[in-house]
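If you read the sequence shown in the numbering used here, its first letter stands for residue 449, the second for the next number, and so on.
For glycine and all other residues, C-beta sits at the position ideal for the given N, C-alpha and C.
Since this is a predicted model, take the numbers as computed values, not measurements.
Have a look at the structure below before the remarks.
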Amino acid sequence: MATFARVDLAFERGEGVWLVTKDGERYLDFTSGVAVNALGHAHPHLVAAVTEQAQKLWHVSNLYEVPEAERVAQRLCAASFADVVFFCNSGAEAVEGAIKTARKYQAVSEQPERYRIITFEGAFHGRTLATLAAGGQKKYLEGFGPVVEGFDQVPFADLTAVKKTIGAQTAAIMIEPLMGEGGVRSVEPSFLRALRELCDQNGLLLIFDEVQSGMGRTGELFAYQRIGVTPDIMALAKALGGGFPVGAVLATNEAAKGMTAGTHGSTFGGNPLAMSAANATLDIMLAPGFFDHVKKIGILFKQRLAEIKDRYPSLIAEVRGDGLLVGLRAIVPAGELVNAIRAEKMLTVAAGDNVVRLLPPLIISEQEMAEGVARLDRACARLSGSSKALSSAAPRRQEGAAG
449 MATFARVDLA FERGEGVWLV TKDGERYLDF TSGVAVNALG HAHPHLVAAV
499 TEQAQKLWHV SNLYEVPEAE RVAQRLCAAS FADVVFFCNS GAEAVEGAIK
549 TARKYQAVSE QPERYRIITF EGAFHGRTLA TLAAGGQKKY LEGFGPVVEG
599 FDQVPFADLT AVKKTIGAQT AAIMIEPLMG EGGVRSVEPS FLRALRELCD
649 QNGLLLIFDE VQSGMGRTGE LFAYQRIGVT PDIMALAKAL GGGFPVGAVL
699 ATNEAAKGMT AGTHGSTFGG NPLAMSAANA TLDIMLAPGF FDHVKKIGIL
749 FKQRLAEIKD RYPSLIAEVR GDGLLVGLRA IVPAGELVNA IRAEKMLTVA
799 AGDNVVRLLP PLIISEQEMA EGVARLDRAC ARLSGSSKAL SSAAPRRQEG
849 AAG
């Protein structure tokens with residue numbers, strides 16, 4: 449179906465932070481499959497793990513124990529607030545599972561009338577009918593019939609509106625601690641702390657959608673760990689499998705007390721092949737020093753992007769984000785900037801609020817980051833009509849350099 453406005457560009461293989469076309473052209477990948485390929489392309493540890501598992505067992509269904517899934521769940525729980533995990537295949541499924549978990553919690557707590565979830569304008573939670581309703585964006589809802597009931601959108605980061613919206617039917621509050629699709633907008637820790645307090649005071653569950661911000665993107669395994677506010681339920685996907693489709697719902701025992709046998713399921717969720725990818729991803733991310741590297745590169749990256757912003761004030765209004773989930777709020781149409789960057793053989797992706805997202809693999813080196821900044825500078829120079837180069841930018845590397 450023609451549901452994607454695809455660029456006329458295809459890749460044959462990848463090496464770390466680089467993608468290579470059939471003709472041998474090399475592109476610096478600052479999209480990472482939209483925050484999926486956190487460990488870059490063809491990471492040898494992931495390749496070996498999935499190859500080994502593929503030669504043994506792909507799928508058995510959840511009618512039987514899946515040891516690989518048990519290990520991933522144990523590791524995720526040990527590294528987070530969670531006691532239990534449900535595995536699925538995508539971010540939308542993870543958010544759906546989080547919604548069902550919250551509603552079921554209220555039902556088994558003898559409050560079945562509490563099913564509504566407060567969400568925030570500009571959010572993006574997925575493409576299923578329920579997750580579209582949770583996001584509430586008209587451009588995605590149009591033409592798909594009646595909007596799924598049970599969601600109350602309030603203005604972004606408006607605490608007064610949240611308080612006014614909480615009622616007898618409210619079950620939970622759901623928010624992205626760092627918005628991705630919605631324009632790379634950070635949520636103030638004080639606001640998230642206030643949401644935690646409201647949930648505790650009113651018997652509500654706090655749901656974090658960390659589909660994009662989770663798995664190391666902000667310099668910790670999960671974004672909530674940088675903020676110091678703990679949710680009851682968390683949706684996870686994208687980078688969890690390092691490129692292999694994996695989603696997960698993480699929850700406390702209390703929040704998940706209603707999710708008993710038969711209440712939810714997934715044919716493919718937690719299959720051995722996907723779990724081998726998730727375990728291999730965790731092997732790398734949980735190794736000593738991994739997140740120190742992400743934090744260091746993230747700080748340097750934002751510093752260099754601030755220089756670009758100052759150099760091209762007619763093109764870029766603001767640098768946003770945290771870690772290696774960064775956005776440039778553009779003054780020109782974001783699509784024009786994305787195209788100009790791609791002309792320099794570097795890949796980025798647009799987001800809401802006229803933002804260009806920069807999502808390099810978390811394994812990126814300082815040299816590769818500098819190369820990305822240099823390509824961004826050249827793209828901005830072309831758009832602005834300037835022929836000057838950023839004096840502090842790295843010298844242009846040969847296209848064949850794989851980094």
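- If you draw a straight line from the Cα of Asp477 to the Cα of Asn787, it comes to about 14 Å.
- The C-alpha of Lys757 lies about 42 Å from the C-alpha of Thr700.
- Between Val659 and the set Ala542, Ala827, Phe534, the nearest pair of CA atoms involves Ala542.
- For the set Gly690, Ala609, Ala765, Glu702, the Cα lying nearest the Cα of Gly651 is the one of Glu702.
- Looking only at Arg790, Val821, Gly775, Glu814, the smallest Cα-Cα distance to Asp801 is reached by Gly775.
- In the structure shown, Ser528 falls within a coil segment according to DSSP collapsed to helix, strand and coil.
- Taken in chain order, the complete beta strand (DSSP E) segments of 3 or more residues contained in the region 604–662 are 618–623, 653–657.
- Following the DSSP letters along the chain, one finds Met733 in no beta strand (DSSP E) but inside the alpha helix (DSSP H) bounded by residues 720–733.
- Around the beta-carbon of Ser762, fewer than 16 other beta-carbon atoms lie within 10 Å, marking it exposed.
- Between Gly676 and Lys743, the C-beta spacing is not below 9 Å.
- Leu640 and Asp740 have their C-alpha atoms roughly 25 Å apart.
- Non-local C-beta neighbours of Leu607 in its own chain, meaning closer than 6 Å and more than five positions away in sequence, comprise Ala642, ordered along the chain.
- In the three-state reduction of the DSSP assignment, Thr666 falls in the coil class, being assigned neither a helical nor a strand state.
- Per DSSP, reduced to three states, the secondary structure at Asp471 is coil, with no helix or strand assignment.
- In the structure shown, Glu541 falls within a helical segment according to DSSP collapsed to helix, strand and coil.
- When DSSP reads this structure, Gly462 sits in a beta bridge with Leu467.
- For Leu511, DSSP assigns no beta-bridge partner whatsoever.
- With distances taken between CA atoms, Arg805 lies nearest to Ala778 out of Ile812, Asp825, Ala778, Ala818.
- Look at Leu810 here: in three-state DSSP terms it is coil, with no helix or strand label.
- The region 569–585 makes no contact with the region 715–729, as fewer than three CB pairs between them are under 8 Å.
- Residue environment: Gln815 is assigned as exposed (fewer than 16 neighbouring CB atoms within 10 Å of its CB, all protein chains considered).
- Sixteen is the threshold: when 16 or more other Cβ atoms of the shown chains lie within 10 Å of the Cβ of Asp657, as they do, the residue is buried.
- Sequence-distant partners of Val468 (beyond 5 residues in either direction) whose C-beta falls short of 8 Å from its own C-beta, in its chain, are Phe459, Glu460, Arg461, Gly462, Arg474, Tyr475.
- About 15 Å separates the Cβ atoms of Ala486 and Gly769, ruling out a contact at the 8 Å cut-off.
- In this chain, the beta strand (DSSP E) harbouring Phe599 covers 599–602.
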